[in-house]
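Student: Quick mapping for you: the protein sequence lines, in order, are chains L and G.
Here UniProt numbering is used: the first residue of the first sequence is 1, the next is one more, and so on.
Here UniProt numbering is used: the first residue of the second sequence is 1, the next is one more, and so on.
Cβ coordinates follow ideal geometry from the N, Cα and C atoms, glycine included.
Please read all numbers here as calculations on a predicted model, not as lab measurements.
2 protein chains.
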Amino acid sequence: MTSEHGQDGEPVAQESHELSDRQFAAVAKALADPRRFGILGEIAASEGALPCCALSDADKVSAATISHHIKELETSGLIATVRKGRFVELVFQRTTLDAYLRRLSRSLSPTS
Amino acid sequence: MTSEHGQDGEPVAQESHELSDRQFAAVAKALADPRRFGILGEIAASEGALPCCALSDADKVSAATISHHIKELETSGLIATVRKGRFVELVFQRTTLDAYLRRLSRSLSPTS
DNA sequence: TCGACGTTTAGACAATCGTCGAAATGTTGG
DNA sequence: CCAACATTTCGACGATTGTCTAAACGTCGA
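1. For R83 (chain L), list the residues DSSP reports as bridge partners.
2. Between which two residues does the alpha helix (DSSP H) harbouring D98 (chain G) extend?
3. Please name the residue or residues paired with P51 (chain L) in a DSSP beta bridge.
4. At the 8 Å Cβ level, is E42 (chain L) part of the contact set with chain G, yes or no?
5. Using a C-beta cutoff of 8 Å, does residue 120 (chain G) count as contacting chain L?
6. Which bits of chain L does S107 (chain G) rub up against, with CB to CB less than 7 Å?
7. Looking at the secondary structure, which residues open and close the alpha helix (DSSP H) in which S76 (chain L) lies?
8. Which chain L residues are close to E47 (chain G), counting only those with a beta carbon under 7 Å from its beta carbon?
9. Which chain G residues sit within Cβ distance under 8 Å of K29 (chain L)?
10. Since E42 (chain L) is in the alpha helix (DSSP H), which residue starts that stretch and which ends it?
11. Looking at the structure shown, is T111 (chain L) part of a helix, part of a strand, or coil, going by DSSP?
12. Name, please, each residue of chain G whose Cβ falls closer than 7 Å to the Cβ of A25 (chain L).
13. Which two residues bound the contiguous alpha helix (DSSP H) that contains A28 (chain L)?
14. Work out the CA separation of A63 (chain L) and H69 (chain L) for me, nearest whole Å.
15. Note down the Cα distance separating R103 (chain L) from A99 (chain G), rounded to an integer number of angstroms.
16. Indicate whether L78 (chain G) and L40 (chain G) have their beta-carbon atoms separated by less than 8 Å.
17. Taking R106 (chain L) as the reference, which of G:S56, G:A44, G:V88 and G:E72 has the closest Cα?
18. Spatial neighbours of P51 (chain G) within its chain, please: C-beta separation below 8 Å, excluding the five flanking residues on both sides.
19. Given that a residue counts as buried once 16 or more other Cβ atoms are within 10 Å of its Cβ, and exposed if not, what is S76 (chain G)?
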């Protein structure tokens, strides 16, 4: 599953557009856990793609926990996943992060 | 105005510098709850200061809950509180938000 | 084919979280 | 002084979360 997880028919898009309220909340929540943020940082650093098992956290927590965090990052739109045989490539979605930063700035700016 | 109150003994006070790892995590967590983010938005909107009881959420949840969120926002450094008689003035700390945005951008940028 | 490997799912558990009501604290005005 | 008000603290509750183990799934190589 390389796409998203909308549940009420509202698709969770990852264009350079604005984030829906739901996706904005999902991104904020995804960034709130230090371990998850660390994983995201690693994915963002290795621009391109890397499999789950290459994450440095892979030997700090169980595979199930990694999978859980990956799913949450994907649901929020911060990363995309691409199956490559046995592996799953993790791709950072910078557009989502940028949209989050924009909305955060905008919705807390004095002229809002 | 740009320098924090010199001799108050207020807990969290930081310049427009970098956030510590702990404060970065605290800000991320503080922003992760929609209601708390809404409260922060209201505080940021009324640039200057407003008391807790003036928050629009004040009639949606109990006073205890408001107080809890206020404390979390204050602990993270996103707002400051100033007692004004019976009231507590809430002051948005834009420098903290800006520092958070900067660190978020920087730590997820390709050249990190 | 079969077994090893990467990943996901299911189920469970403790910790944390958002919320509440009630009581306490502190402050102002009559 | 006292009553009303703003806020905080306390203790509790259900929901969510991060984590685990065990099992299942899917894919490759020998």
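Tutor: The relevant details are as follows:
1. According to DSSP, R83 (chain L) bridges with L:V88.
2. Where D98 (chain G) is concerned, the enclosing alpha helix (DSSP H) stretches over R94 to S107.
3. For P51 (chain L), DSSP records a beta bridge to L:E89.
4. E42 (chain L) does not count as touching chain G.
5. Any question about residue 120 (chain G) goes unanswered here, given that chain G covers just 1 to 112.
6. What S107 (chain G) touches in chain L: G41.
7. Its alpha helix (DSSP H) spans residues A63 to S76.
8. Residues of chain L with a Cβ closer than 7 Å to the Cβ of E47 (chain G) are, in chain order, P110.
9. Below the 8 Å Cβ cutoff, chain G contributes A32 as neighbours of K29 (chain L), in chain order.
10. Where E42 (chain L) is concerned, the enclosing alpha helix (DSSP H) starts and stops at P34 to A45.
11. Looking at T111 (chain L) - three-state DSSP - the assignment turns out to be coil, as it is neither helix nor strand.
12. Simply P34.
13. Start and end: D21 to L31.
14. So the alpha carbons of these two residues sit roughly 10 Å apart.
15. Just so you know, the alpha carbons of R103 (chain L) and A99 (chain G) end up roughly 16 Å apart.
16. Yes, these two residues count as a Cβ contact at 8 Å.
17. Taking each of G:S56, G:A44, G:V88 and G:E72 in turn and checking the Cα distance to R106 (chain L), the smallest one comes out for G:A44.
18. The answer, listed in chain order, is K84, F87, V88, E89 and L90.
19. So S76 (chain G) counts as buried.
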